[in-house]
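Below is one structure; the comments refer to it alone.
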Amino acid sequence: FQKADSDLDYIQYRLEYEIKTNHPDTAGKRNPVTLLKELSAIKSRYQTLYARFKPIAVDQKESKNCICAIVNKTMTMIQELQKQTDVEV
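full-length UniProt numbering numbers the first residue of the sequence shown as 1 and each following residue consecutively.
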């Protein structure tokens, strides 16, 4: 979930930039109510990202496990062939 953390960092950067751009007179001051609303929006976006990427992470793990199993099976077959033919590759 490094991407999600990176996205949150980007969102924070964008919010700070928008505050400075849209409200230059209050750039040094932050309205706590506004910050809470922004934090709520960020949390919502994070939850959305998490929900979207969780199935991808599960599929990625399953794919990795499948690939590892195939590689292990292939290595076992190669070793068996080497034993049967007395040849090393």
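Quick reminder that beta carbons are idealized off the backbone N, C-alpha and C, glycines included. Predicted model only: the values in this text are computed from it and were never measured.
When the Cα of residue i is compared with those of the options, which residue comes out closest?
i     : options             : result
Asp5  : Cys68, Lys37, Tyr50 : Tyr50
Thr34 : Glu18, Thr48, Tyr46 : Glu18
Please return the same chain residues whose Cβ sits closer than 6 Å to the Cβ of residue i, not counting the five positions on each side in sequence.
i     : result
Ile11 : Ile42
Thinking residue i and residue j are a contact (beta carbons under 8 Å), I'd like their distance in whole angstroms, please.
i    : j     : result
Leu8 : Glu38 : Wrong, their Cβ atoms sit about 12 Å apart, outside the cutoff.
By Cβ distance, which residues of its chain are closer than 8 Å to residue i, with the 5 residues on each side in sequence left out?
i     : result
Ala69 : none
*Does the segment 12-23 come within contact of the segment 49-65, defined as at least 3 CB pairs closer than 8 Å?*
no
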